[in-house]
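Below: one structure, written as structure tokens.
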Amino acid sequence: MKLNISILFLILNFAHNYKIFCYFENQKLKSCNSFPLSLNYLIIHFMTNVNISPDKNLTTQQSLQLNFRRKRFSHFISLLKSISPKNGKFLNILDIGGTENYWKMVNFKAEENVKITLLNLMEIKIENKDIFNSVAGSALDLSQYADGEFDIVFSNSVIEHVGEYENQKQMAKEFRRVGLNYYIQTPNYHFFFEPHFRLPFVHFLPKGIRARIVNQFRQKTKNIEQARKRVDGITLLGAKQMKELFPEATMYKEKFYGMTKSITMYHFPKAGKK
0 MKLNISILFL
10 ILNFAHNYKI
20 FCYFENQKLK
30 SCNSFPLSLN
40 YLIIHFMTNV
50 NISPDKNLTT
60 QQSLQLNFRR
70 KRFSHFISLL
80 KSISPKNGKF
90 LNILDIGGTE
100 NYWKMVNFKA
110 EENVKITLLN
120 LMEIKIENKD
130 IFNSVAGSAL
140 DLSQYADGEF
150 DIVFSNSVIE
160 HVGEYENQKQ
170 MAKEFRRVGL
180 NYYIQTPNYH
190 FFFEPHFRLP
200 FVHFLPKGIR
210 ARIVNQFRQK
220 TKNIEQARKR
230 VDGITLLGAK
240 QMKELFPEAT
250 MYKEKFYGMT
260 KSITMYHFPK
270 AGKK
């Protein structure tokens, strides 16, 4: 382990101090001044199989993420359409950590007969108040809601942000309690690419080393303690842990070239029994 960490540091330091050039199919792009940046181009090129240029890097990443989200969301919609609303009128959905913009990005159709409550630490601005409403609250304490109050509880890439495993257990407990059905997604710990810091393999390292690498290459902070807080704010989960948190759920693995990129746990016990 110590040898692997030393090798990683040598690679990062070398690449940071010397210009590295990016090549895509023999086409030379302008020089990249850091290893993670140039490696990101290579990863994105590999993942999308298209030529990109540095100034399109962010757009390409967003496009790739959006393609994954829309494919996953089509799976969710197929489940949504297979159940009947408890009140006989419309499906009542609680989206923990969600935004109105997310539902727009994944091409959610307004004609779906639903009402969506967006729960975040603070209330957020809502445009379409016919479908959405915003409330302030904590994923760890949904005591304002009764057992089974919602037809569906939904969450996309939130559980890894609530703290260590005990907090994640508490979120899972509340998540399962208030929803008759649920659908929850999180990035896979065992995938090689850390999606929040957009760096490969960094999440496999001890937190202290991880904080120094993140601070060096991603949004440099004034001191290492701030970087450590950023690192501490993310606890990725693997398939085994997700199964422990949601034992009755079915697991859906989002694949990329045979590797599991993200994990979704869903539980729709009455699906197809309209």
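Position one of the sequence shown corresponds to residue 0 (numbering that gives the first Met the number 0), numbered consecutively onward.
Each residue gets a CB set at the ideal place from its N, CA and C atoms; glycine is no exception.
The alpha-carbon separation between Phe107 and Phe75 amounts to approximately 11 Å. Counted as a single uninterrupted DSSP element, the stretch harbouring Asn100 is not any beta strand (DSSP E) but the alpha helix (DSSP H) occupying residues 99-104. A straight line joining the alpha-carbon of Lys206 with that of Lys85 spans about 45 Å. Per DSSP, the unbroken beta strand (DSSP E) holding Phe149 starts and ends at 149-155. When the beta-carbon positions are compared, Gln167 and Leu120 stay at least 9 Å from each other. In the pairwise beta carbon analysis, the segment 189-197 is classified as touching the segment 249-261: at least three pairs are separated by under 8 Å. Distances from the alpha-carbon of Thr185 to those of Leu204, Met264, Val105, Trp102 put Met264 closest. When the Cα atoms are used, Pro246 and Gly237 turn out to be separated by approximately 14 Å. The segment 93-100 and the segment 113-129 touch, with no fewer than 3 CB-CB distances between them shorter than 8 Å. Closest in alpha carbon position to Val161, among Lys269, Thr220, Asp231, Glu224, is Asp231. Judged by their CB atoms, Asn91 and Asp150 are nearer to each other than the 9 Å cut-off. Nearest to Tyr164 by alpha-carbon distance, out of Met241, Lys254, Lys103, is Met241. Of the candidates Glu173, Lys124, Gly87, Glu173 places its Cα closest to the Cα of Ile158. Secondary-structure assignment with DSSP links Asn112 through no beta bridge to anything. Of the candidates Leu179, Ser77, Ile262, Ile262 places its Cα closest to the Cα of Asn155. In the structure shown, Tyr256 adopts coil according to DSSP, grouped into three states.
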